[in-house]
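S.K.: Please read through the structure below; I'll follow up with questions.
There are 2 protein chains.
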Amino acid sequence: MNDSSAPSYANWTPRAARAAFRDGLATQTSAFCHGHAQANLIIVPAAQAFDVLLFAQRNPKPCPVLGVLEAGQTDGPLLAGGDIRTDLPRYAVYENGVKIAEPTDIRDVWRDDFVTFILGCSFTFEAALMAEGIRMAHIDQGVNVPMYKTTRRCAPAGSMDGPLVVSMRPIPADRVADAVRVTARYPSVHGAPVHVGNPEELGIADLSRPDFGEPVTIPEGHIPVFWACGVTPQAAVMETRPAIAIGHAPGHMLVTDARDRDYLIP
Amino acid sequence: MNDSSAPSYANWTPRAARAAFRDGLATQTSAFCHGHAQANLIIVPAAQAFDVLLFAQRNPKPCPVLGVLEAGQTDGPLLAGGDIRTDLPRYAVYENGVKIAEPTDIRDVWRDDFVTFILGCSFTFEAALMAEGIRMAHIDQGVNVPMYKTTRRCAPAGSMDGPLVVSMRPIPADRVADAVRVTARYPSVHGAPVHVGNPEELGIADLSRPDFGEPVTIPEGHIPVFWACGVTPQAAVMETRPAIAIGHAPGHMLVTDARDRDYLIP
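Read top to bottom, the protein sequences are chains C and R.
Here the numbering used here is used: position 12 in the first sequence is 12, and no number is missing along the way.
Here the numbering used here is used: position 8 in the second sequence is 8, and no number is missing along the way.
Following this line, the structure appears as structure tokens:
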């Protein structure tokens with residue numbers, strides 16, 4: 001995206017974006033709040049919190065923990081002055097592993113024993129890729145990034161078990177090495193790709209039918225590149241069927257006060 | 001330590017060392033099993049396990065998680081064929097925050113809901129320091145490494161709260177930079193020092209009276225250098241007084257099958 005076409009939400013502050021989402025704006029958040037880190041969400045009752053945190057510890061590539069809100073806590077340093085129950089554009093509520101709603105507010109289902117995990121998101125490094133002149137096809141095409149369940153298994157932890165979920169971005173063949181180099185410097189937001197090229201090796205039969213998000217047209221001369229994705233805990237929820245769990249609606253992230261550069265390693 | 005004076009236990013395999021500890025050998029483990037990573041232990045009931053794992057997540061420098069044995073599990077890939085209840089040379093058992101025993105075996109107090117956290121240990125990088133010609137004064141002097149509670153506070157997590165504990169090694173003034181450089185490459189085993197030089201800034205009044213381990217004489221021209229220490233969760237236990245918790249006796253580590261180099265970053 002060049003500067004002349006940059007939409008105004010790229011220049012919003014995280015606080016302003018969260019306020020707009022709180023007021024009902026229900027959009028995917030790629031390219032929002034330039035320079036600020038975005039994050040995945042997984043919320044579970046305290047009784048299941050150890051399993052989720054251990055799952056994240058054992059699967060740091062899809063589940064890099066940026067912060068944890070303890071039982072009943074609704075704000076924290078990543079969302080100063082905010083409320084985790086209202087400040088995302090859209091949520092995904094699961095009962096017994098089945099998504100029963102995608103509300104824009106979860107105050108009516110909130111419980112005081114809910115623990116919130118805030119996980120790194122690959123949207124964080126998109127600005128760094130674009131700064132290197134690597135265009136994001138999903139942004140150019142105005143769609144949510146496509147995400148796929150793979151046949152790769154995560155390391156299980158207690159009751160949590162499931163497949164690795166990946167996001168896919170088409171990258172020009174001659175820029176794949178640059179995309180690897182740039183994203184490897186952001187290990188807390190999924191880091192380097194887990195796979196380059198052949199979706200079948202990940203068990204993805206049809207790129208045009210993502211499990212989450214929307215399909216993106218792969219431009220001529222581009223290679224599909226796959227990054228670990230923070231929707232992975234939701235796939236584990238769908239498989240292991242806890243009584244209740246809440247995530248963000250895929251692509252509809254928490255926009256945090258942290259800076260992308262906070263997660264850049266030297 | 002030069003090769004001619006290297007004691008034979010430096011050449012033991014981890015499995016042989018664990019077997020010897022299982023049979024009752026009760027010694028500190030610095031310089032055991034050259035090239036193999038050593039680890040701290042903290043064992044708590046499942047009901048407290050989330051707090052401990054979150055404490056580790058929020059305090060990765062003193063509490064780098066190498067592995068977790070889930071409730072009731074007594075072995076794992078870091079101690080193949082072993083038993084976490086017998087394979088350390090000595091343990092520390094706490095009731096209500098008070099150390100009530102330092103047994104060589106914890107089978108009699110073991111519970112099926114106990115969760116074991118295996119945390120990185122600075123003994124892991126001692127071989128790398130010695131390979132650079134930096135002698136370890138505590139090994140030369142035949143004592144356990146000295147450890148100190150500091151006035152720096154950890155980030156609390158649920159019921160867990162306490163001071164940062166550090167280990168201290170005297171380093172020749174002209175090798176301090178090398179010691180920083182070498183240990184910074186091992187972030188999973190405490191990494192670079194947290195402090196160089198002035199113990200008073202850490203609230204340590206008297207280096208000759210460590211809170212754990214044994215005092216070491218600081219050779220002429222050496223500077224005290226402080227690394228974050230995996231006894232930190234035990235200091236939190238002493239402060240927050242859970243009904244039951246078990247650690248390793250300081251300096252009496254789990255010798256793992258992992259290699260030091262597994263934790264070396266490029």
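Don't be surprised by glycine CBs; every beta carbon is placed ideally from N, CA and C.
Work out the CA separation of PRO233/C and GLU239/C for me, nearest whole Å.
M.R.: Within the first sequence, numbered from 1, the residue matching residue 239/C stands at position 239. Within the first sequence, numbered from 1, the residue matching residue 233/C stands at position 233. Near 10 angstroms, if we compare the C-alpha coordinates of PRO233/C and GLU239/C.
S.K.: Note down, in chain order, every chain C residue with its Cβ under 7 angstroms from the Cβ of PHE114/R.
M.R.: The sequence position of residue 114/R within the second sequence is 114, counting from 1. Those within 7 angstroms of PHE114/R in chain C number zero; the least Cβ separation is about 13 angstroms.
S.K.: With a CB to CB cut of under 7 angstroms and the five nearest residues on each side skipped, what residues in its chain are close to ALA228/R?
M.R.: Working through the second sequence from its first residue, we reach residue 228/R at position 228. Answer for ALA228/R: LYS61, PRO62, LEU164, VAL166, HIS190, VAL194, listed in chain order.
S.K.: For ILE223/C and GLY203/C, which I take to be in contact (beta-carbon distance under 8 angstroms), what is that distance rounded to the nearest angstrom?
M.R.: Looking up residue 223/C in the first sequence gives position 223. Looking up residue 203/C in the first sequence gives position 203. Not confirmed; about 18 angstroms, so no contact.
S.K.: By how many angstroms is the C-alpha of GLY67/R removed from the C-alpha of ALA16/R?
M.R.: Residue numbering aside, residue 16/R sits at position 16 when the second sequence is read from its first letter. Residue numbering aside, residue 67/R sits at position 67 when the second sequence is read from its first letter. Cα to Cα, the separation comes out at about 21 angstroms.
S.K.: Within 10 angstroms of the Cβ of GLN48/C, are there 16 or more other Cβ atoms? Answer buried if so, exposed if not.
M.R.: Counting from 1 along the first sequence, the entry for residue 48/C is found at position 48. The residue in question, GLN48/C, is buried, as its Cβ has 16 or more Cβ neighbours within 10 Å.
S.K.: Any contact between the segment 98 to 114 of chain C and the segment 124 to 132 of chain C? By contact I mean 3 or more CB pairs, one from each, below 8 angstroms.
M.R.: Segments in contact, no.
S.K.: So for SER4/C, helix, strand or coil by DSSP?
M.R.: For this step, residue 4/C is matched to residue 4 along the first sequence. For SER4/C, the pLDDT reaches just 42, beneath the cut-off of 50, and the residue's location in the model is therefore unreliable, leaving the point undetermined.
S.K.: What are the residues that DSSP puts in a beta bridge with SER122/R?
M.R.: Reading the second sequence from its first residue, position 122 is the one you call residue 122/R. Bridge partners of SER122/R: none, in fact.
S.K.: Quick check: what's the CA-CA separation for ARG90/C versus ASP105/C?
M.R.: As a working note, residue 90/C is residue 90 in the first sequence. As a working note, residue 105/C is residue 105 in the first sequence. Computed Cα separation, rounded: 7 angstroms.
S.K.: Alpha carbon to alpha carbon, how far is ALA268/C from GLY221/R?
M.R.: Outside the displayed span of chain C (1 to 266) sits residue 268/C, for which this structure offers no information.
S.K.: Evaluate VAL98/C with the Cβ neighbour count: other Cβ atoms within 10 Å of its Cβ, from every protein chain shown; 16 or more gives buried, anything less gives exposed.
M.R.: Within the first sequence, the letter at position 98 stands for residue 98/C. The residue is exposed, with fewer than 16 neighbouring Cβ atoms inside 10 Å.
S.K.: Can you tell which of GLU102/C, GLU200/C, ALA137/C, ILE118/C has the C-alpha that lies nearest to the C-alpha of LYS148/C?
M.R.: The residue given as residue 148/C occupies position 148 in the first sequence. Checking the sequence, you will find Tyr at residue 148/C rather than Lys. The shortest C-alpha separation from TYR148/C is found at GLU200/C.
S.K.: Look up VAL182/R in the DSSP assignment and say whether it is helix, strand or coil.
M.R.: Within the second sequence, residue 182/R is the residue found at index 182, counting from 1. Of the three classes helix, strand and coil, the one that applies to VAL182/R here is helix, per DSSP.
S.K.: Between which residues of its own chain and GLY35/R is the CB-CB distance below 8 angstroms, once the five residues before and five after are set aside?
M.R.: Counting from one through the second sequence, the residue named residue 35/R turns up at place 35. Non-local beta-carbon contacts of GLY35/R in its own chain, meaning distances under 8 angstroms to residues more than five positions away in sequence, involve ALA127, ARG259, ASP260, ARG261 in chain order.
S.K.: Measuring straight from C-alpha to C-alpha, what distance separates ARG169/C and CYS121/R?
M.R.: Within the first sequence, the letter at position 169 stands for residue 169/C. Within the second sequence, the letter at position 121 stands for residue 121/R. So the alpha carbons of these two residues sit roughly 39 angstroms apart.
S.K.: Could you pull out every unbroken beta strand (DSSP E) segment of at least 3 residues lying fully inside the segment 5 to 89 of chain C, listed in chain order?
M.R.: 36 to 45, 65 to 69
S.K.: For THR13/C and ALA20/C, what's the separation of their Cα atoms in angstroms?
M.R.: Counting from one through the first sequence, the residue named residue 13/C turns up at place 13. Counting from one through the first sequence, the residue named residue 20/C turns up at place 20. The straight-line gap from Cα to Cα measures roughly 11 angstroms.
S.K.: Can you give the Cα-Cα distance for VAL93/C and ARG241/C, rounded to whole angstroms?
M.R.: Taking the first sequence and counting its residues from 1, the one referred to as residue 93/C is at position 93. Taking the first sequence and counting its residues from 1, the one referred to as residue 241/C is at position 241. Taking the straight line from one Cα to the other gives about 12 angstroms.
S.K.: Take ALA10/C as the anchor and find which of ILE244/C, ARG22/C, GLN28/C has the nearest alpha-carbon.
M.R.: For the purposes of this step, residue 10/C is taken as residue 10 along the first sequence, with counting starting at 1. That would be GLN28/C, whose Cα lies nearest to the Cα of ALA10/C.
S.K.: Quick one: list the residues of chain C neighbouring PHE55/R, beta-carbon separation under 9 angstroms, in chain order.
M.R.: One-based indexing of the second sequence puts residue 55/R at position 55. Simply none; closest approach about 11 angstroms.
S.K.: Under 8 angstroms by Cβ, that's how I've got LEU78/C and THR217/C pegged, so tell me the actual separation to the nearest angstrom.
M.R.: Counted from its first residue, the first sequence places residue 78/C at position 78. Counted from its first residue, the first sequence places residue 217/C at position 217. 34 angstroms between Cβ atoms; not a contact.
S.K.: Name, please, each residue of chain R whose Cβ falls closer than 9 angstroms to the Cβ of VAL68/C.
M.R.: By one-based count along the first sequence, residue 68/C stands at place 68. Those are LEU54, GLN57, ARG58, ALA157, listed as they occur along chain R.
S.K.: If you draw a straight line from the alpha carbon of ASP83/R to that of LEU69/R, how long is it in whole angstroms?
M.R.: Here residue 83/R corresponds to residue number 83 of the second sequence, with the count starting at 1. Here residue 69/R corresponds to residue number 69 of the second sequence, with the count starting at 1. For ASP83/R and LEU69/R, the distance between alpha carbons rounds to 11 angstroms.
S.K.: Just to check my reading of the structure: SER30/C and PHE125/C have Cβ atoms closer than 8 angstroms, yes? What is that Cβ distance to the nearest angstrom?
M.R.: To locate residue 30/C, count along the first sequence from 1; it is residue 30. To locate residue 125/C, count along the first sequence from 1; it is residue 125. The Cβ separation is near 12 angstroms, so there is no contact.
S.K.: Compute the Euclidean distance between the alpha carbons of ILE118/C and TRP110/C, then round it to the nearest angstrom.
M.R.: By one-based count along the first sequence, residue 118/C stands at place 118. By one-based count along the first sequence, residue 110/C stands at place 110. Their Cα atoms are separated by approximately 16 angstroms.
S.K.: Compare the C-beta of PHE50/R against all C-beta atoms of chain C and say whether one is closer than 8 angstroms.
M.R.: Your numbering for residue 50/R matches position 50 in the second sequence. PHE50/R counts as touching chain C.
S.K.: For PHE212/R versus VAL237/R, is the C-beta spacing smaller than 8 angstroms?
M.R.: Start at 1 with the first residue of the second sequence, and residue 212/R comes out as number 212. Start at 1 with the first residue of the second sequence, and residue 237/R comes out as number 237. Not in contact: PHE212/R and VAL237/R (Cβ atoms no closer than 8 angstroms).
S.K.: Between ILE139/C, VAL52/C, ALA243/C, which has its C-alpha nearest ALA155/C's C-alpha?
M.R.: Residue numbering aside, residue 155/C sits at position 155 when the first sequence is read from its first letter. Among ILE139/C, VAL52/C, ALA243/C, the Cα nearest to that of ALA155/C belongs to VAL52/C.
S.K.: Would you say PRO210/C and PRO146/C are within 8 angstroms of each other, going by their C-beta atoms?
M.R.: For the purposes of this step, residue 210/C is identified with residue 210 of the first sequence, where counting begins at 1. For the purposes of this step, residue 146/C is identified with residue 146 of the first sequence, where counting begins at 1. Yes, the pair counts as a contact, with Cβ atoms nearer than the cut-off.
S.K.: Who pairs with TYR91/C in a beta bridge, going by DSSP?
M.R.: On the first sequence, position 91 is the one that residue 91/C refers to. TYR91/C pairs with HIS248/C.
S.K.: Once the 5 residues before and after ARG22/C are set aside, which same chain residues still bring their CB inside 6 angstroms of it?
M.R.: Walking along the first sequence from the start, residue 22/C turns up at place 22. Taken in chain order, the residues that qualify are THR86, ASP87.
S.K.: With 16 as the cutoff for other CB atoms within 10 Å, does ILE100/R come out buried or exposed?
M.R.: Sequence index remark: in the second sequence, residue 100/R carries index 100 (1-based). Classification for ILE100/R: exposed.
S.K.: What's the gap between the Cα of ALA249/C and the Cα of GLU102/C?
M.R.: On the first sequence, position 249 is the one that residue 249/C refers to. On the first sequence, position 102 is the one that residue 102/C refers to. Rounded to the nearest angstrom, the two C-alpha atoms are 7 angstroms apart.
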